[in-house]
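Residue numbers (my numbering): 10 to 356. All C-beta atoms, glycine included, are put in the ideal place defined by N, C-alpha and C. What you are looking at is a predicted structure, and each value in this text was computed from that prediction instead of being measured.
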């Protein structure tokens with residue numbers, strides 16, 4: 010072996026000797042009595058290893074990787090919390106209102122918010138009011154079933170509704186399935202959605218017009234006299250765009266005057282009846298207003314409001330010619346001896 014190589018080996022061993030010596034276990038120090046111990050002076054706290062490393066040029070290599078790892082671990086947690094908070098947040102809804110169907114006997118009633126704070130109709134309100142507006146002496150008033158059906162078909166029909174009753178839990182989607190086929194109205198091109206055999210979903214703008222009335226007359230109860238009437242023709246009732254209603258405790262003239270200020274609304278005033286007509290119209294149509302002097306069950310008699318002298322004369326003539334015989338018969342029946350129970354004359 011060359012002497013130079015031997016010298017290198019010995020030099021390496023001499024360099025490693027201090028490390029090996031420090032690695033050997035040291036003998037335990039002998040116990041010193043407590044009285045003989047020197048008082049311990051608190052050691053000043055100086056900068057730690059991380060602080061010393063921060064003063065060096067290699068600080069990025071020491072600290073930044075650890076910070077990045079912690080940030081990556083914390084980001085999904087914060088994102089999940091924000092999603093969970095958004096899911097559990099409640100919608101901003103308008104005040105609760107009461108709507109009922111006016112008819113003989115039991116009057117079905119629904120209570121809840123009509124729209125959210127942005128004016129978008131709620132899914133529950135559209136379903137419930139559509140049930141209340143169905144024609145005839147209906148018996149189907151299952152609001153929960155109507156809400157489920159409307160929630161199922163609303164996306165395919167292009168309806169944007171505030172669904173405050175949607176389940177909060179995530180549902181597992183097993184299959185996409187085919188979107189339901191939605192029939193369109195031949196005249197208005199509105200989606201035709203039947204919640205029951207007789208109940209067609211009203212145009213969402215009808216709910217917004219009702220909300221406008223409640224904004225002006227808060228705390229009142231809306232009573233629906235008539236709503237959807239199946240059939241052909243240009244009547245808004247036949248296309249689920251109209252309601253005949255009244256607000257309990259509010260004069261019809263006040264409802265009429267404020268309804269005329271609503272955008273794209275048709276307002277019909279019936280002085281001899283018990284309701285005000287309210288319908289929604291397309292933007293290009295604009296609003297409309299008319300007065301119909303007919304009573305319940307009579308043919309329409311349109312005129313101006315306030316009526317002109319000629320219309321007043323015509324109304325008086327109509328009442329005299331068409332109603333006077335009925336009034337005479339009623340008076341004779343009312344004042345007959347059988348009706349007033351007059352005592353029999355004494356002999």
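With hydrogens ignored, establish whether the beta-carbon of residue 290 is closer than 7 Å to any heavy atom of the ligand SAM. The model depicted lacks the ligand SAM and carries no ligand whatsoever.
Leaving aside the five residues before and after residue 192 along the sequence, list all residues of the same chain whose C-beta is less than 8 Å from its C-beta, in chain order. Residue mapping note: residue 192 aligns to position 183 of the chain shown, counting from 1. If we look at residue 192 and ignore the five residues flanking it on each side, its Cβ neighbours are 200 and 201.
I believe residue 155 touches residue 100 by the beta-carbon criterion, under 8 Å. Please report the beta-carbon distance rounded to the nearest angstrom. Translated into positions along the chain shown, residue 155 becomes position 146. Translated into positions along the chain shown, residue 100 becomes position 91. That belief does not hold up - the Cβ atoms of residue 155 and residue 100 are roughly 19 Å apart, past 8 Å.
8 Å Cβ cutoff met for residue 255 and residue 234: Numbered from its first residue, the chain shown carries residue 255 at position 246. Numbered from its first residue, the chain shown carries residue 234 at position 225. Yes, Cβ-Cβ distance for residue 255 and residue 234 is below 8 Å.
Residue 231 versus residue 109: straight-line alpha-carbon distance, rounded: Residue numbering aside, residue 231 sits at position 222 when the chain shown is read from its first letter. Residue numbering aside, residue 109 sits at position 100 when the chain shown is read from its first letter. Roughly 6 Å separates the two Cα atoms.
Is it a yes or a no for the region 255-271 touching the region 212-226, going by three-plus beta-carbon pairs under 8 Å? yes
Return the CA-CA distance between residue 144 and residue 209, expressed in angstroms with no decimal places. Here residue 144 refers to the residue found at position 135 when the chain shown is read from its first residue. Here residue 209 refers to the residue found at position 200 when the chain shown is read from its first residue. Between the C-alpha atoms of residue 144 and residue 209 there is a straight-line separation of about 10 Å.
On the DSSP bridge list, what partners appear for residue 298? Here residue 298 refers to the residue found at position 289 when the chain shown is read from its first residue. BP columns for residue 298 point to 276.
Are the CB atoms of residue 130 and residue 165 within a distance shorter than 8 Å? Walking along the chain shown from the start, residue 165 turns up at place 156. Walking along the chain shown from the start, residue 130 turns up at place 121. No, these two residues do not count as a Cβ contact at 8 Å.
Would you decide whether residue 169 is buried or exposed? Buried here means 16 or more other CB atoms lie within 10 Å of its CB. Your numbering for residue 169 matches position 160 in the chain shown. Exposed is the label assigned to residue 169, since fewer than 16 other Cβ atoms lie within 10 Å of its Cβ.
CA-to-CA distance, residue 211 to residue 260, given in whole angstroms: Locating residue 260 in the chain shown gives position 251, counting from the first residue. Locating residue 211 in the chain shown gives position 202, counting from the first residue. Inter-residue distance for residue 260 and residue 211 is about 25 Å (C-alpha atoms, whole angstroms).
For residue 278, count neighbouring C-beta atoms within 10 Å of its own C-beta (all shown protein chains included) and say buried if the count is 16 or more, exposed if not. Numbered from its first residue, the chain shown carries residue 278 at position 269. That one is buried.
Run through the DSSP bridge pairs and tell me what residue 110 is partnered with. Translated into the one-based positions of the chain shown, residue 110 becomes position 101. Residue 110 pairs with 233.
Let me confirm a value: residue 258 is counted as buried when at least 16 other C-beta atoms fall within 10 Å, else exposed. Which label applies? Looking up residue 258 in the chain shown gives position 249. Exposed: under 16 other Cβ atoms inside 10 Å.
How is the alpha helix (DSSP H) around residue 222 delimited, first residue to last? Within the chain shown, residue 222 is the residue found at index 213, counting from 1. Start and end: 213-225.
Cutting at 7 Å between CB atoms, please list the residues of its own chain near residue 265, excluding the five before and the five after it. The residue you call residue 265 lines up with position 256 of the chain shown. Excluding sequence neighbours, residue 265 sits near 276, 278 and 285.
Straight-line CA distance for residue 252 to residue 213? Indexing the chain shown from 1 puts residue 252 at position 243. Indexing the chain shown from 1 puts residue 213 at position 204. The alpha-carbon atoms of residue 252 and residue 213 are separated by roughly 12 Å.
Span separating the alpha-carbon of residue 293 from that of residue 127: On the chain shown, position 284 is the one that residue 293 refers to. On the chain shown, position 118 is the one that residue 127 refers to. Approximately 23 Å, taken between the alpha carbons.
May I ask which residues mark the beginning and end of the alpha helix (DSSP H) holding residue 163? By one-based count along the chain shown, residue 163 stands at place 154. Run containing residue 163: 152-166, per the alpha helix (DSSP H) assignment.
Checking 8 Å against the spacing of the C-beta atoms, do residue 194 and residue 245 come in under that value? Position 185 of the chain shown holds residue 194. Position 236 of the chain shown holds residue 245. In this structure, residue 245 does not lie closer than 8 Å to residue 194 by Cβ.
Closer than 7 Å by C-beta to residue 281: which residues in its own chain qualify, once you throw out the five before and the five after it? Chain order, please. On the chain shown, residue 281 is found 272 positions in, with the first residue counted as 1. Taken in chain order, the residues that qualify are 302, 303 and 304.
Residue 307 by DSSP, collapsed to three states: which one? For this step, residue 307 is matched to residue 298 along the chain shown. Of the three classes helix, strand and coil, the one that applies to residue 307 here is coil, per DSSP.
On the premise that residue 106 lies in contact with residue 123, defined as a C-beta separation below 8 Å, what is that separation, rounded to the nearest angstrom? Residue numbering aside, residue 123 sits at position 114 when the chain shown is read from its first letter. Residue numbering aside, residue 106 sits at position 97 when the chain shown is read from its first letter. Indeed, because the Cβ distance is near 6 Å, the residues count as touching under 8 Å.
Leaving aside the five residues before and after residue 236 along the sequence, list all residues of the same chain whose C-beta is less than 6 Å from its C-beta, in chain order. By 1-based counting over the chain shown, the position of residue 236 is 227. For residue 236, where only same-chain residues beyond five positions count, the Cβ hits under 6 Å are 142 and 252.
Alpha carbon to alpha carbon, what distance is there between residue 215 and residue 159? Taking the chain shown and counting its residues from 1, the one referred to as residue 159 is at position 150. Taking the chain shown and counting its residues from 1, the one referred to as residue 215 is at position 206. Between residue 159 and residue 215, the C-alpha separation is close to 16 Å.
Residue 72 in three-state terms, based on DSSP: Your numbering for residue 72 matches position 63 in the chain shown. Note on residue 72: pLDDT 42, under 50, position unreliable in the model; no value is reported.
What do you reckon, are the CB atoms on residue 136 and residue 204 nearer than 8 Å? Here residue 136 refers to the residue found at position 127 when the chain shown is read from its first residue. Here residue 204 refers to the residue found at position 195 when the chain shown is read from its first residue. In this structure, residue 204 lies closer than 8 Å to residue 136 by Cβ.
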